[in-house]
Amino acid sequence: MNPYILAILLFGLGLGTTITFASSHWLLAWMGLEMNTLAIIPLMAQHHHPRAVEATTKYFLTQATAAAMLLFASVTNAWLSGQWDIQQMTHPLPTTIITLALALKIGLAPVHAWLPEVLQGLDLTVGLILSTWQKLAPFALILQINPTNSTILIILGLTSTLIGGWGGLNQTQLRKILAYSSIAHLGWMILVLQFSPSLTLLTLLTYFVMTFSTFLVFKLNKATTINTLATSWTKAPLLTSLTPLILLSLGGLPPLTGFMPKWLILQELAKQDLALTATVAALSALLSLYFYLRLSYAMTLTMFPNNLSGTTPWRLSSTQLTLPLAISTTMAICLLPLTPAATALLAP
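So that you can map any letter, position 315 of the sequence shown is 315 in the UniProt record's numbering, and since no number is skipped, the others follow by simple counting.
Listed below in structure tokens is the structure:
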């Protein structure tokens, strides 16, 4: 892609998110979300592969549907209450519709079906943008409206953690596994949103760090299926020995960074007398942990068949920058000791 066009598209992505962040009016927030969607579409379709074009079309349709729902709900809110302000959502009907529209935008279950399909059709770089940056603007709006209907948030959260766990079990494609991982993590964030918005933000940031690291590892190894992960040992032995730690961090095992948000969320849910919800969420994390262990096993404990056709791509050195990978991997593995500092910052 032409670097000038790429720069304009990335600028559009940044500007769309910033406009949504800065807006207090529903029309302006909607405009930011639309800019975001329109800026990423050429990036998604840049390879002209039928699979990429299909993924782009699916993405465009789901995002357009969510944006239309959002606009409809905000007009309904203005009609019922005379308010266009994001933080003045008083009527339950538009609040619920907007919550569902934003859930569709970020891919929460039960409106998640587009996410694995879309992510599977993209290359890893655009997939990374879709899994991280594209979640920011809708999350900013969810945090601002602070939905009053707690039942719908808990249902969205629990179904997302369960479907994110179940869905990833049977997959062999890495991008689909990462999509289900994303759904499960978003479920955890939504569960605790009404009780501690700052904890949701902390979970989102740790999820970004771990996902960034995982995508970069797969990109360095040029791996898109579980089988191709087995070749990574000959390409980058040190990185291959660290990758299981990143994956287990995504699964939420102590003493890795990913344990911190899960631990704090379960603690918060227990404080709110939601012991059953906390138990179901913790058990669903075991499902996710299984497929992260499966990836770790494929990377470190299996050998790729050593035939001649399989040996050539192993020796090509990657041109990818390794500094972002080094920083994000260190953060994804080592940040658990900062939990007391995080909890002190989160305290109201």
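Every residue gets a Cβ at the ideal spot worked out from N, C-alpha and C, and that includes glycine.
With DSSP as the reference, label threonine 225 as helix, strand or coil.
strand
Distance CB(leucine 336)-CB(phenylalanine 215) smaller than 8 Å
no
Within 10 angstroms of the Cβ of alanine 137, are there 16 or more other Cβ atoms? Answer buried if so, exposed if not.
buried
According to the neighbour-count rule (16 or more other Cβ atoms, all chains shown, within 10 Å of its Cβ), is histidine 112 buried or exposed?
buried
Between which two residues does the alpha helix (DSSP H) holding tryptophan 114 run?
114-120
At the level of alpha carbons, what is the spacing between isoleucine 246 and aspartate 123?
21 Å
Own chain partners of serine 182 with C-beta closer than 6 Å, once the 5 adjacent residues on each side are dropped:
Ser131
Local Cβ density within 10 Å of lysine 262, reported as buried at 16 or more and exposed below that:
buried
May I ask you to report which of helix, strand or coil DSSP gives glutamine 88?
helix
Put histidine 185 into one of helix, strand or coil per three-state DSSP.
helix
What are the partner residues of histidine 25, as DSSP defines its beta bridges?
Asp85
May I ask which residues mark the beginning and end of the alpha helix (DSSP H) holding serine 160?
150-169
Quick check: the Cα distance between leucine 269 and methionine 1, rounded to an integer number of angstroms?
47 Å
DSSP three-state call for glutamine 173: helix, strand or coil?
strand
Under 8 Å between C-beta atoms of leucine 43 and leucine 9:
yes
Once you ignore the five residues that flank tryptophan 30 on each side, which residues in its own chain have a CB closer than 8 Å to its CB?
Ala67, Leu70, Leu71, Ser74
Start-to-end residues for the alpha helix (DSSP H) that takes in methionine 299
275-300
Straight-line gap, serine 160 to alanine 184 (C-alpha atoms, nearest Å):
5 Å
Between serine 213 and alanine 332, is the Cβ-Cβ spacing less than 8 Å?
yes
Spell out a yes or no on whether the segment 183-198 and the segment 277-291 are touching, meaning 3 or more CB-CB pairs, one atom from each, closer than 8 Å.
yes
Closest to isoleucine 338 by C-alpha separation, out of Pro255, Ile177, Ile98, Gln267, would be which residue?
In the sequence as displayed, the identity of residue 338 is leucine instead of isoleucine. Minimum Cα distance to leucine 338 is reached at Pro255.
By how many angstroms is the C-alpha of proline 197 removed from the C-alpha of leucine 204?
11 Å
Segment contact flag, the segment 134-153 with the segment 95-114, C-beta cutoff 8 Å, min 3 pairs
yes
Could you compute how far the alpha carbon of leucine 220 sits from the alpha carbon of glutamine 87?
43 Å
Start and end residues, alpha helix (DSSP H) containing glutamine 272:
Counting along the chain, glutamine 272 falls outside any alpha helix (DSSP H), and DSSP gives it neither H nor E.
Taking Cβ to Cβ, would you say tryptophan 26 is nearer than 8 Å to tryptophan 79?
no
Quick one, are the C-beta atoms of glutamine 120 and glutamine 46 less than 8 Å apart?
no
Sorted by chain position, which residues of the same chain lie with C-beta nearer than 6 Å to glycine 157's C-beta, five sequence neighbours on each side aside?
Gly187, Ile190, Leu191
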